[in-house]
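*Asks:*
Residue numbers (this note's numbering), protein chains in the order written: chain R, 155 to 554; chain Y, 155 to 554.
(1) Using beta carbons (cut-off 7 angstroms, strictly below), is residue 258 (chain R) in contact with chain Y?
(2) Taking the alpha-carbon positions, what's the residue 523 (chain R) to residue 368 (chain R) distance?
(3) Our contact map puts residue 183 (chain R) next to residue 534 (chain R) with C-beta atoms below 8 angstroms; I'd like the distance itself, whole angstroms only.
(4) Identify the contact partners of residue 513 (chain R) in chain Y, using a Cβ-Cβ distance below 7 angstroms as the criterion.
(5) Please name the residue or residues paired with residue 265 (chain R) in a DSSP beta bridge.
(6) Express the C-alpha separation of residue 528 (chain R) and residue 284 (chain Y) in angstroms, rounding to a whole number.
(7) If we cut at 7 angstroms on Cβ distances, does residue 479 (chain Y) have a partner in chain R?
(8) At what residues does the beta strand (DSSP E) containing residue 371 (chain R) begin and finish?
(9) What residues from chain R crowd round residue 522 (chain Y), counting only those whose CB sits closer than 7 angstroms?
(10) Between residue 503 (chain Y) and chain R, is there a C-beta pair that is closer than 7 angstroms?
(11) Determine the direct distance from the alpha carbon of residue 436 (chain Y) to that of residue 98 (chain Y), and round the result to whole angstroms.
(12) Measure the alpha-carbon distance for residue 197 (chain R) versus residue 544 (chain Y) and round it to whole angstroms.
(13) Ordered along the chain, which non-local residues of its own chain (more than five positions away) have a Cβ less than 8 angstroms from that of residue 166 (chain R)?
(14) Which residues bound the beta strand (DSSP E) around residue 448 (chain R)?
(15) Can you tell me whether residue 321 (chain Y) is helix, strand or coil according to DSSP?
(16) Would you verify that the beta carbon of residue 230 (chain Y) is, or is not, closer than 7 angstroms to some beta carbon of chain R?
(17) Measure how close the beta-carbons of residue 404 (chain R) and residue 304 (chain R) come, nearest whole angstrom, since I'm counting them as under 8 angstroms.
(18) How would you list, in chain order, the residues of chain R whose beta-carbon sits under 9 angstroms from the beta-carbon of residue 221 (chain Y)?
(19) Express the C-alpha separation of residue 485 (chain R) and residue 297 (chain Y) in angstroms, rounding to a whole number.
(20) List the residues of chain R whose Cβ lies closer than 7 angstroms to the Cβ of residue 191 (chain Y), in chain order.
(21) Could you pull the DSSP bridge partners for residue 175 (chain Y) from this structure?
(22) Taking only runs that begin and end inside the segment 334–393 of chain R, name each unbroken alpha helix (DSSP H) of 4 or more residues, in chain order.
(23) Under 7 angstroms between the Cβ atoms of residue 446 (chain Y) and residue 170 (chain Y)?
(24) Okay, do the segment 267–277 of chain R and the segment 330–346 of chain R touch, 3+ Cβ pairs below 8 angstroms being the bar?
(25) Given that residue 237 (chain R) touches chain Y, what residues does it touch there, using C-beta distances under 9 angstroms?
(26) Hey, quick one: how far does the beta strand (DSSP E) through residue 187 (chain Y) stretch, first residue to last?
(27) Against chain Y, does residue 517 (chain R) count as a neighbour if the rule is that its beta carbon must be under 7 angstroms from one of theirs?
(28) Applying the 10 Å Cβ sphere with the 16-neighbour rule, what's the burial state of residue 460 (chain Y)?
(29) If you follow the alpha helix (DSSP H) that residue 442 (chain Y) is in, where does it begin and where does it stop?
(30) Residue 577 (chain Y) and residue 245 (chain Y): beta carbons closer than 7 angstroms?
(31) Determine the extent of the beta strand (DSSP E) in which residue 294 (chain Y) is found, giving its start and end residues.
(32) To the nearest angstrom, report how far apart residue 464 (chain Y) and residue 194 (chain Y) are at their CA atoms.
(33) Using only CA atoms, which one of R:525, R:546, R:532, R:536 lies nearest to residue 113 (chain R)?
(34) Any idea what DSSP makes of residue 552 (chain Y), helix, strand or coil?
(35) Which residues bound the beta strand (DSSP E) around residue 195 (chain R)?
(36) Just verifying my parser: in three-state terms, what is the DSSP assignment at residue 407 (chain R)?
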């Protein structure tokens with residue numbers, strides 16, 4: 155009763171389970187639809203999310219703090235009431251966006267940064283992040299972490315002399331290592347402060363289905379020892395779930411898979427595991443194979459708006475000439491409101507809409523791509539339940 | 155059986171009737187949702203139009219001719235199949251857009267103009283317009299007309315000497331008169347050619363519920379004698395319905411009402427009457443009061459995208475500070491998917507979406523404004539059926 159995660163089945167390292175929140179249960183693995191500013195982009199509405207059985211919605215703390223502000227959202231009854239969303243919701247800590255901003259000042263206490271909207275100087279730290287998230291009112295909230303880049307942001311020009319290059323690379327790597335080590339240390343300190351701030355408002359002895367759940371974030375870049383240090387420190391704290399942060403931030407997919415190989419199975423088996431900001435269909439499959447349960451990413455929606463549709467036979471560029479008079483739907487096996495199992499909108503119509511830049515085209519493409527992602531997660535769950543994940547994965551990766 | 159319009163009731167000059175098309179019956183008066191490029195703007199979908207009981211959809215021949223081209227639409231089975239729209243549809247003749255283009259060459263034969271997309275030189279005349287519309291496949295199509303501006307496009311600077319001003323104005327008026335007289339003559343000639351082109355493809359002795367209907371357009375600007383000449387010439391031709399064109403093109407509303415006073419009741423009583431490109435809620439009410447049955451206008455959708463919502467208590471600017479924390483819906487008496495009779499999205503949420511430029515805000519505002527327009531038309535029909543139009547009108551205009 156005091157658990158928020160039931161493991162139902164495994165297939166290799168892949169896990170199928172149930173995440174229990176105060177707004178209902180969610181079958182894992184799952185993908186979260188990103189509603190950055192309390193709306194899915196391209197005009198996709200809650201009724202569209204219903205139609206594609208989107209399980210969980212993610213909103214971004216940084217953007218909502220700037221506009222409309224957490225005070226207003228709280229006054230309006232929280233994000234669920236504000237957006238008319240009855241699905242479980244998760245908010246990030248705002249850290250990822252803040253650390254993406256060029257002009258910022260990071261100290262052990264927190265971060266000063268300038269709003270991208272009006273340049274206003276804003277302070278954020280663990281206590282503030284948790285307070286904002288409490289006011290937004292999501293069912294799962296994230297500890298405030300330092301999310302460093304996977305590469306140095308202002309590396310010196312590499313030397314042209316090949317003899318010097320090796321030493322230069324080693325020095326760069328050392329610099330990055332120390333930067334990430336500092337981030338790991340801060341992340342642990344801020345994780346403790348996040349828990350304290352959460353406990354100050356919610357009785358953490360209450361079952362996690364009766365309060366917002368707090369997830370901790372493991373940092374460490376692609377350095378095995380730093381990942382292990384962070385994992386050890388973060389998982390020692392009484393979080394409701396654990397996320398891997400600082401991945402999918404520019405490093406090659408193979409580097410990310412290596413970190414997952416080294417780290418994922420060491421995450422507590424009785425808690426949900428969340429890989430933040432990931433990713434392509436291939437990334438999702440590889441990460442589920444390594445034991446991850448939860449994902450979020452702007453890819454499917456952003457690619458949709460830019461004209462790329464996902465199908466079970468791979469990606470397609472809807473604006474390509476070849477689809478000019480195509481009576482096919484995007485994916486005949488897709489039951490989304492756009493494809494309607496083959497009876498929906500043709501590629502020719504979608505191509506027309508995207509070519510003339512009609513918003514309806516972007517909305518349709520987004521609905522389909524999100525539907526595909528949710529379909530992919532449900533399919534993976536079925537294959538895990540049938541203990542057939544590896545054979546399925548091998549076949550799926552040939553096409554996707 | 156061979157009629158496409160049944161007059162059910164009148165209240166003063168206002169008419170309630172039934173327009174019969176090959177895709178079903180429509181209760182008049184009605185407003186058409188504008189789907190310029192085979193889509194309602196702002197991502198509004200067919201399911202949204204269903205939800206607000208939009209009766210008829212209008213597409214623009216000019217835009218569809220340029221992209222994706224009528225040949226493709228025909229190949230895809232026509233607009234209904236292309237857009238997955240089972241409502242009656244109307245296409246305009248393309249004339250209005252062509253005559254809005256600055257660089258064009260009009261002759262008695264037709265018009266040369268340059269595409270606004272790529273500058274390509276294109277010829278359009280009555281035969282071509284009807285052929286394009288046949289291929290697009292709407293249920294009601296429009297004759298090709300010359301739609302002149304309500305004012306001279308390049309008038310000379312008015313003289314600064316007041317003594318000369320009166321003469322100058324008279325000369326400008328004469329110039330405009332001759333321009334519009336030419337347009338009236340061409341419109342009649344092109345109307346005949348439009349009918350011939352239509353008859354070459356469809357047997358006009360067939361009931362209008364078994365073929366596309368062809369509407370004629372009366373021109374004449376704000377000159378009573380020219381309007382009467384055009385009306386006499388156009389209504390002498392075997393059209394299925396009659397439109398008033400060349401109004402709502404910049405003249406004051408009062409000038410338009412005067413033309414309607416002079417002309418509308420002389421339109422055949424047994425055919426539908428269509429006032430093209432109109433208008434504001436007030437314009438719709440004043441025109442229905444003068445016996446008009448059909449309308450189309452980009453106003454409600456464009457204003458929605460720019461933040462103005464229509465309600466039964468008048469317009470509201472959703473981005474106004476006063477709505478920052480408003481828990482009201484746009485209009486508590488509105489049953490649209492956005493308002494849900496008071497249980498829908500708050501003004502605060504819509505204000506947030508519009509403030510941060512989320513497409514969902516534009517989509518919601520558009521759905522609501524179109525719903526309001528359709529609601530307004532249904533209300534007017536009820537008041538006509540109850541022979542209570544004038545008292546209702548007087549009360550409604552105080553608020554709208």
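No residue lacks a Cβ here, since even glycine has one placed at the ideal position from N, Cα and C.
Fair warning: this is a prediction, and the values are worked out from it, not measured in the lab.
*Replies:* According to the structure data:
(1) Translated into positions along the first chain, residue 258 (chain R) becomes position 104. No, its Cβ sits nowhere closer than 7 angstroms to a Cβ of chain Y.
(2) By 1-based counting over the first chain, the position of residue 523 (chain R) is 369. By 1-based counting over the first chain, the position of residue 368 (chain R) is 214. Taking the straight line joining both Cα atoms gives about 29 angstroms.
(3) Here the question's residue 183 (chain R) lines up with position 29 in the first chain. Here the question's residue 534 (chain R) lines up with position 380 in the first chain. That belief holds up - the Cβ atoms of residue 183 (chain R) and residue 534 (chain R) are roughly 6 angstroms apart, short of 8 angstroms.
(4) Locating residue 513 (chain R) in the first chain gives position 359, counting from the first residue. Neighbours of residue 513 (chain R) on chain Y, chain order: 195, 196, 197, 513.
(5) As a first step, residue 265 (chain R) is located in the first chain; it is residue number 111 there, counting from the start. R:260, R:278, per the DSSP bridge assignment.
(6) Position 130 of the second chain, counted from the start, is the residue given in the question as residue 284 (chain Y). Position 374 of the first chain, counted from the start, is the residue given in the question as residue 528 (chain R). Cα-Cα distance, rounded: 46 angstroms.
(7) Position 325 of the second chain, counted from the first residue, corresponds to residue 479 (chain Y). Yes, residue 479 (chain Y) counts as interfacial toward chain R.
(8) Position 217 of the first chain holds residue 371 (chain R). Residue 371 (chain R) -> beta strand (DSSP E) spans 367–372.
(9) For the purposes of this step, residue 522 (chain Y) is taken as the residue at position 368 of the second chain. The contacting residues do not exist; residue 522 (chain Y) stays about 13 angstroms from chain R at best.
(10) For the purposes of this step, residue 503 (chain Y) is taken as residue 349 along the second chain, with counting starting at 1. Closer than 7 angstroms: yes.
(11) The question about residue 98 (chain Y) has no answer, for chain Y in this structure spans 155 to 554.
(12) Against the first chain, residue 197 (chain R) aligns to sequence position 43. Against the second chain, residue 544 (chain Y) aligns to sequence position 390. When rounded, the distance between both Cα atoms is 40 angstroms.
(13) Within the first chain, the letter at position 12 stands for residue 166 (chain R). For residue 166 (chain R), where only same-chain residues beyond five positions count, the Cβ hits under 8 angstroms are 443, 543, 544.
(14) The residue you call residue 448 (chain R) lines up with position 294 of the first chain. Element bounds for residue 448 (chain R): 448–450.
(15) The residue labelled residue 321 (chain Y) in the question sits at position 167 within the second chain. Helix.
(16) For the purposes of this step, residue 230 (chain Y) is identified with residue 76 of the second chain, where counting begins at 1. So yes, residue 230 (chain Y) belongs to the interface.
(17) Here residue 404 (chain R) refers to the residue found at position 250 of the first chain. Here residue 304 (chain R) refers to the residue found at position 150 of the first chain. About 5 angstroms separates the two Cβ atoms, so the contact holds.
(18) Residue mapping note: residue 221 (chain Y) aligns to position 67 of the second chain, counting from 1. Ordered by position in chain R, the residues that pass the 9 angstroms Cβ test against residue 221 (chain Y) are 506, 509, 510.
(19) Within the second chain, residue 297 (chain Y) is the residue found at index 143, counting from 1. Within the first chain, residue 485 (chain R) is the residue found at index 331, counting from 1. For residue 297 (chain Y) and residue 485 (chain R), the distance between alpha carbons rounds to 40 angstroms.
(20) In the second chain, residue 191 (chain Y) corresponds to position 37, counting from 1. The contacting residues are 510, 512.
(21) By 1-based counting over the second chain, the position of residue 175 (chain Y) is 21. Its beta-bridge partners are Y:178.
(22) 378–389
(23) Counting from one through the second chain, the residue named residue 446 (chain Y) turns up at place 292. Counting from one through the second chain, the residue named residue 170 (chain Y) turns up at place 16. It is not a contact, given that the beta carbons lie outside the stated cut-off.
(24) no
(25) On the first chain, position 83 is the one that residue 237 (chain R) refers to. 499, 503, listed in chain order.
(26) Here residue 187 (chain Y) corresponds to residue number 33 of the second chain, with the count starting at 1. It spans 184–188 - the beta strand (DSSP E) in which residue 187 (chain Y) sits, taken as one unbroken run.
(27) For the purposes of this step, residue 517 (chain R) is taken as residue 363 along the first chain, with counting starting at 1. Interface residue, yes.
(28) Residue numbering aside, residue 460 (chain Y) sits at position 306 when the second chain is read from its first letter. Exposed.
(29) Residue 442 (chain Y) sits at position 288 when you count from the first residue of the second chain. Unbroken alpha helix (DSSP H) run through residue 442 (chain Y): 435–443.
(30) With chain Y represented from 155 up to 554, any question about residue 577 (chain Y) goes unanswered, as that position is not in the structure.
(31) Stepping through the second chain from its first residue, residue 294 (chain Y) is reached at position 140. Where residue 294 (chain Y) is concerned, the enclosing beta strand (DSSP E) stretches over 294–296.
(32) Counting from one through the second chain, the residue named residue 464 (chain Y) turns up at place 310. Counting from one through the second chain, the residue named residue 194 (chain Y) turns up at place 40. So the two alpha carbons sit approximately 18 angstroms from each other.
(33) No statement about residue 113 (chain R) is possible, as the shown extent of chain R runs from 155 to 554 and does not include it.
(34) Stepping through the second chain from its first residue, residue 552 (chain Y) is reached at position 398. Three-state DSSP puts residue 552 (chain Y) in a helix.
(35) Along the first chain, one-based indexing puts residue 195 (chain R) at 41. Residue 195 (chain R) -> no beta strand (DSSP E), and no H or E assigned at all.
(36) Locating residue 407 (chain R) in the first chain gives position 253, counting from the first residue. If DSSP states are grouped into helix, strand and coil, residue 407 (chain R) belongs with the helices.
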